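A short worksheet on the structure shown next.
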Amino acid sequence: MRMVFAFMGETNTSLLSGIKWNYFILPFVLFTADLLVVYGTMMAAMMLVAQGMGQPVWVSRSWGVWLTVLYMSNLLFADLYRTRRVLADHARKIFKASGYAVITIVLADFLLHMGGTPLSRAFLVLFWLLSFWGLYAERCLLRAVFSRLGMWKSEIVIIGAGKTAEKFVKAFGAGFDIVGFVEDNPGRPLLKKYPHLGGFADIEQVLREHPVYEVLIAAPGLSKARTIQLFYEVQPYTKHVSLIPDLFGVPIGNMKALRSLDDQLLVLRTHNNLNRMSNRLLKRVFDLVVGSAIAVCILPILVVTYVLVKVDSDGPAFYNAERIGKDGTTFRCYKFRSMYVDADRILRDHLERNPEAKQEWQEFQKLRGEDPRVTKVGRFIRKYSIDELPQIFNVLEGNMSLVGPRPYLPREKEDIGGYMPVICMTTPGMTGLWQVSGRSNVKFSGRLKMDSWYVRNWNLWTDIVILFKTVRVVLGRDAY
1459 MRMVFAFMGE TNTSLLSGIK WNYFILPFVL FTADLLVVYG TMMAAMMLVA
1509 QGMGQPVWVS RSWGVWLTVL YMSNLLFADL YRTRRVLADH ARKIFKASGY
1559 AVITIVLADF LLHMGGTPLS RAFLVLFWLL SFWGLYAERC LLRAVFSRLG
1609 MWKSEIVIIG AGKTAEKFVK AFGAGFDIVG FVEDNPGRPL LKKYPHLGGF
1659 ADIEQVLREH PVYEVLIAAP GLSKARTIQL FYEVQPYTKH VSLIPDLFGV
1709 PIGNMKALRS LDDQLLVLRT HNNLNRMSNR LLKRVFDLVV GSAIAVCILP
1759 ILVVTYVLVK VDSDGPAFYN AERIGKDGTT FRCYKFRSMY VDADRILRDH
1809 LERNPEAKQE WQEFQKLRGE DPRVTKVGRF IRKYSIDELP QIFNVLEGNM
1859 SLVGPRPYLP REKEDIGGYM PVICMTTPGM TGLWQVSGRS NVKFSGRLKM
1909 DSWYVRNWNL WTDIVILFKT VRVVLGRDAY
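To convert, count from 1 in the sequence shown and add 1458; that's this note's numbering.
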């Protein structure tokens, strides 16, 4: 208790007001804004459906209130008001919460009949879509505004400044105001950018001088006894203590925790989503629906590109190469030809004359600089990944997916090695995790690790996020 009073006594007023703003006022502002968005999109959905159907969509005043209450209850249960998340994870939470909210509304409408007549299906679908995008846009806007005012980030002290802490800062740093690091090794790279507050033995003194809302223990290399001791030392001085455990390489995308109060036992349970028939069917339906829409939209681009490739150089417009597909079987992967027809000979001659290019080819399986095999039109269509657009027909046929592992060449089987069984659990994708995480700057071994992680941690939301990120990466022209 003495430590707690000491902590409270040494806390400066401005910092306390910052903590109160982040913990109490900001969630209230977010909740109020969400409430206005939900009510506003509900009214907008009613008007749009009424205009489209030519008849009014009537909802009683009491039922309108209940619709809003049911929706906001799902947002509250989704933990959207205090936990700092990256935008993609935040969008996932909003997407699930809005979906569950509409399902709750449908069930309540069926059981209670408060509106007299059942709610219009068109209204419910439109309400769901408008509310999701409205909430996401509102959160992006408020996050930008409050970040500019210095009111969004929550202050945090991080114990440990090694590779684990570097990964945390890269992934979650935008949501926190990092006060500094507690680290015994003053030579860590992070300490050149952030304050070094002291060593592990100074943790209590550090937290007295720098009271914060959250402390993160990012030192998985510590012994179990030392980690527990740190917990005991830190807890009296902060509201939340977070821990990054040494679970690198373990699939964590679908992990759930089971707890035993009596035995103080924690069980981490994970499952392989792509082993379930329902999830494989869901992924296939998503590919067909979204893939069909994409195919219609890009048809003019395909026609124009076909003509340009034929005019630019001799040879066929398409280059249909054998690729490794699901379960290790091969299939023909459709692409626009971006190289000369004698590309293999050109490559062989180029590597013999340029040792540096040969080393680069062995490391990346690509030439990231000037590639003599590529035609003039080929350079353009590769820069914007237009050469890969015909793969949309592979997606519709079912031997590729919109998102998945890279479609590897049969000659790369030996290099893939032990990753082969995991990568071949699903169909390869037009885009994937490695394409939005560095593309050609990622080494071959790095691609294998990313593809393996994707398969082990798959969920539909990951596919949606990767598709949106792909557009940004392609427009950023980071392709070769």
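A virtual CB, placed ideally from N, CA and C, is assigned to each residue, including glycine.
No experiment lies behind these values; they were computed from the predicted model shown.
- Taking the C-beta atoms as reference points, V1932 is found nearer than 8 Å to Y1842.
- The C-beta distance from A1753 to I1850 rounds to 5 Å, short enough to fall under 8 Å.
- Of the candidates C1882, I1924, E1613 and R1864, R1864 places its Cα closest to the Cα of G1904.
- Ranked by Cα distance from I1552, the first of L1588, D1567, R1930 and V1564 is L1588.
- Look at H1548 here: in three-state DSSP terms it is helix.
- DSSP places T1526 within a helical segment (H, G or I) once states are collapsed to three.
- The beta carbon of L1488 sits closer than 8 Å to the beta carbons of L1538, Y1539, R1597 and L1600 from its chain, once the five residues preceding and following it are set aside; these are given in chain order.
- Secondary structure at V1670: coil, using DSSP grouped into helix, strand and coil.
- For V1708, the secondary structure class from DSSP, reduced to helix, strand or coil, is coil.
- Assigned with DSSP and collapsed to three states, A1779 falls in strand.
- Between N1532 and A1555 the beta-carbon gap is near 5 Å, inside 8 Å, which marks them as a contact.
- Straight across, the Cα-Cα distance linking K1907 with V1564 is about 42 Å.
- Under DSSP, S1859 takes part in a beta bridge, and its partners are G1887.
- By the neighbour-count criterion, in which 16 or more other beta carbons inside 10 Å mark a residue as buried, G1557 falls on the exposed side.
- Contact between V1853 and R1840 fails: their C-beta atoms lie close to 20 Å from each other, not under 8 Å.
- Judged by DSSP in its simplified three-state form, C1791 adopts strand.
- With a 10 Å radius around the Cβ and a threshold of 16 neighbouring Cβ atoms, G1875 comes out exposed.
- The three-state reading of DSSP puts D1772 in coil, since its state is none of H, G, I, E or B.
- Using a Cβ distance threshold of 8 Å, V1923 and T1884 do not count as a contacting pair.
- Shown here, A1536 sits in coil according to DSSP, grouped into three states, outside any helix or strand.
- Under DSSP, A1677 forms no beta bridge with any residue.
- The C-beta of T1788 has fewer than 16 other C-beta atoms within 10 Å across all chains shown, which makes the residue exposed.
- In the DSSP secondary-structure assignment, L1716 is bridged to V1725.
- The beta carbon of A1801 sits closer than 6 Å to those of R1831, all from its chain and outside the five residues before and after it, given in chain order.
- Setting aside the 5 residues that flank it on each side, P1653 is surrounded in the same chain by G1638, each with a C-beta closer than 6 Å to its C-beta; the list follows chain order.
- With distances taken between CA atoms, F1604 lies nearest to D1635 out of G1620, K1625, P1576 and D1635.
- Taking 8 Å as the cut-off, the Cβ atoms of I1617 and V1583 do not count as close.
- Annotated three-state conformation of L1655 is strand, per DSSP.
- Taken through DSSP and simplified to helix, strand or coil, G1620 comes out as coil.
- For L1701, there is no enclosing alpha helix (DSSP H); the residue is part of the beta strand (DSSP E) that begins and ends at H1698 to L1701.
- Taking each of F1590, S1578, R1550 and Q1509 in turn and checking the Cα distance to V1495, the smallest one comes out for F1590.
- At the C-beta level, V1835 and D1785 stay beyond 8 Å of one another.
- Distances from the alpha-carbon of W1524 to those of D1547, H1548, L1493 and A1549 put L1493 closest.
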